Every structure is written in C-alpha cells, then in structure tokens.
Amino acid sequence: MWENVRMAATLHESVLDQWGEGIVSGKYLPGDRISLDDEVTGQKASRTVGREAMRVLESMGMVTVKRKSGAVVNPPARWHSFDPQLISWRLDSDDRAAQLHALSELRLAVEPVAARLAALNASAQQWADLTEAAITMAANSDQADQPAYLDADMRFHATLLAASGNYMFESLSGVVKAVLQGRTRHGLMPSHANPEAVQLHVDIAAAVGAKDADRAEAAMREIVEEADHAVQQA
C-alpha cells in the first residue's frame, strides 16, 4: 500500500515538474494547450495524477484548465511569482541569473525594513534563535555550500522576518528559503563563506538584542547587496 502511495507521489512530482519547467522555459508559450493524454502517457502516469498536477499549476496561476480540453498556459503576469515551487523552476531555467537578481531586489525592499522592525519587536526567544543561527553559520563558514550552513542561514532569515511582527513580511520566508536553497543547489555558494557576510549576520543578531534598529537595517542591506553581487559574479 505505502509503496503505491510513494509511487503515485513520485509520478505526481515528475509530471508536475515536467509541465512547470516546460512552461517556465518557454517550451509551452502563453495560449498553448497542454494535452493531458500526450504528456501523461509519456510519464506512464494515470489521468488522475495528470489532473492533480494540472490543479496545482492552476492554483499557481500558470494555466487555466478547460473542461475536456486540457489546460491553456497563462501569461507570466498571472503566475504566482512568490510561490517557492515556481521560484525553484525559474532557478532551474536558463534565466537563473535574472531570477536571482529580481529576487535580490525584492529582498532589498523587504529584509532591511524587517530587520529594523525586528530590532524593535523581537521577543527574547527570537533574539536567541537569531543568535544561535548566526553562531552556527560562523562555525560552519568553511563549509558554506553544505547543509548545516544552509539550514542555519534559512533559520536566520525566517526568524528575522517573523520577528519583524509583520505577518506579510513573515509570509515571504518561503521565498527567501527558495532563494538560499537554489543558490546552494546550483553551485553558486562558495565552499568558504565571505567572512564579512558572516559577521554581518552576527552583527544583526547583536543589533536586535540591543534594539539598535539603524544598525540592524544597515547590516541587512549590506548582506543582500553582497549576496546579489556574489551571485552575479559567479
């Protein structure tokens, strides 16, 4: 039973990735129809699996499902660009550099303000979590392309967004997580982290603890700008 469930989940993910990546890459253009029969047959998957994948794409704004005629690809303006799965597909495409830069611009508009607010609103536990994540990053800075560093980096930024006290900022934690994961997955993280960037994370944790909003905001701005520059250079 469980083997069948795992197989169905794998087929669902495979079909979903095939269609999602195809739309993002331009294989399927706006207005194109995606044939359930043709594509799913190629994956040896049932129509049920195909329909489930279609529903996911529709929920992301990428297609409009037409009764008895498959799905029609929507223009990019209708896609849910903050969806972590869509971000992942875009980072897997040839347009990776442009996507990373666009995400850096989004982060630059949000995270410095979130850091300022975190310095004013963070709880003692959130400050402790930020500090722990920054220390873990420093301890693993000579293996910055490995899971321990990535996990600490993701925890740091998710905690900071939550500590801002703004639920809309907090809702973007999945976006930041997708960026950090994609950067590591595609070999854009050096094995040794930039010491200045690591220190800036430590500085932000200290600024939040000291309720120094100006310092927290400035340090976060430096982090995002440094990350964008490093990725573009890579």
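The sequence shown begins at 1356 in the working numbering and counts up one residue at a time.
Ideal Cβ placement from N, Cα and C applies to all residues, glycine included.
Computed from a prediction, not measured in an experiment: that's the story for all the values here.
Is there a Cβ from chain D that is less than 8 angstroms from the Cβ of Val1586? Looking at the structure shown, chain D is missing, and only one protein chain is on hand.
In three-state terms, what does DSSP make of Arg1462? Residue mapping note: residue 1462 aligns to position 107 of the sequence shown, counting from 1. Helix at Arg1462.
Contained alpha helix (DSSP H) runs [length at least 4] in the segment 1441–1516, N- to C-terminal order: 1451–1476 and 1479–1494
Should the segment 1514–1522 be regarded as contacting the segment 1467–1474, the criterion being three or more beta carbon pairs within less than 8 angstroms? yes
Supposed close pair Ser1546, Gln1498 - CB separation, criterion 8 angstroms: Here residue 1546 corresponds to residue number 191 of the sequence shown, with the count starting at 1. Here residue 1498 corresponds to residue number 143 of the sequence shown, with the count starting at 1. That belief holds up - the Cβ atoms of Ser1546 and Gln1498 are roughly 7 angstroms apart, short of 8 angstroms.
Measuring alpha carbon to alpha carbon, tell me which of Asn1495, Pro1550 and Met1509 ends up nearest Ile1581. Stepping through the sequence shown from its first residue, residue 1581 is reached at position 226. It is worth fixing the name first, because residue 1581 is Glu in this sequence and not Ile. Closest option to Glu1581, Cα to Cα, is Pro1550.
Beta-bridge pairing of Val1418 - partner residues as DSSP gives them: Taking the sequence shown and counting its residues from 1, the one referred to as residue 1418 is at position 63. Note: Val1418 sits in a beta bridge opposite Val1428.
Could you compute how far the alpha carbon of Glu1368 sits from the alpha carbon of Ala1489? Within the sequence shown, the letter at position 13 stands for residue 1368. Within the sequence shown, the letter at position 134 stands for residue 1489. Roughly 34 angstroms separates the two Cα atoms.
Can you pull the DSSP bridge partners for Ile1389? The residue you call residue 1389 lines up with position 34 of the sequence shown. Per DSSP, Ala1426.
At a cut of 8 angstroms, does the segment 1375–1389 reach the segment 1428–1443 through at least three beta carbon pairs? yes
Helix, strand or coil for Leu1535 per DSSP? Residue 1535 sits at position 180 when you count from the first residue of the sequence shown. Helix, per DSSP.
State the start and end residues of the unbroken alpha helix (DSSP H) segment that holds Pro1550. The residue given as residue 1550 occupies position 195 in the sequence shown. Element bounds for Pro1550: Pro1550 to Ala1565.
Applying the 10 Å Cβ sphere with the 16-neighbour rule, what's the burial state of Asp1508? The count along the sequence shown starts at 1 and reaches residue 1508 at position 153. It is buried - the Cβ of Asp1508 has at least 16 other Cβ atoms within 10 Å.
Quick one: Cα of Ala1560 to Cα of Gln1454, how far? In the sequence shown, counting from the first residue as 1, residue 1560 sits at position 205. In the sequence shown, counting from the first residue as 1, residue 1454 sits at position 99. Roughly 28 angstroms separates the two Cα atoms.
Helix or strand or just coil, what does DSSP make of Gln1587? Taking the first residue of the sequence shown as 1, we reach residue 1587 at position 232. Three-state DSSP puts Gln1587 in a helix.
Classify Asp1438 as helix, strand or coil using the three-state DSSP reduction. If you number the sequence shown from 1, residue 1438 lands on position 83. DSSP places Asp1438 in coil when its eight states are reduced to three.
Straight-line gap, Met1576 to Arg1538 (C-alpha atoms, nearest Å): Numbered from its first residue, the sequence shown carries residue 1576 at position 221. Numbered from its first residue, the sequence shown carries residue 1538 at position 183. Before going further, note that residue 1576 is Arg rather than Met in the sequence given. Answer to the nearest angstrom: the Cα atoms are 19 angstroms apart.
With DSSP run on the structure shown, which of helix, strand or coil describes Met1544? Indexing the sequence shown from 1 puts residue 1544 at position 189. Looking at Met1544 - three-state DSSP - the assignment turns out to be coil, as it is neither helix nor strand.
Taking 8 angstroms as the cut-off, decide whether the C-beta atoms of Lys1532 and Ala1552 are in contact. Within the sequence shown, the letter at position 177 stands for residue 1532. Within the sequence shown, the letter at position 197 stands for residue 1552. Result no, Cβ atoms of Lys1532 and Ala1552 do not sit closer than 8 angstroms.
Spatial neighbours of Leu1535 within its chain, please: CB distance less than 8 angstroms, with the 5 preceding and 5 following residues excluded, ordered by chain position. The residue labelled residue 1535 in the question sits at position 180 within the sequence shown. So the qualifying residues of the chain are Leu1505, Asp1508, Met1509 and His1512.
When DSSP labels each residue in this structure, what does Ser1369 get in the three-state scheme? Numbered from its first residue, the sequence shown carries residue 1369 at position 14. In the structure shown, Ser1369 sits in a helix (DSSP, three-state: H, G or I).
Reduced DSSP category for Asp1569 - H, G, I as helix; E, B as strand; rest coil: Locating residue 1569 in the sequence shown gives position 214, counting from the first residue. In this structure, Asp1569 counts as helix in the three-state DSSP scheme.
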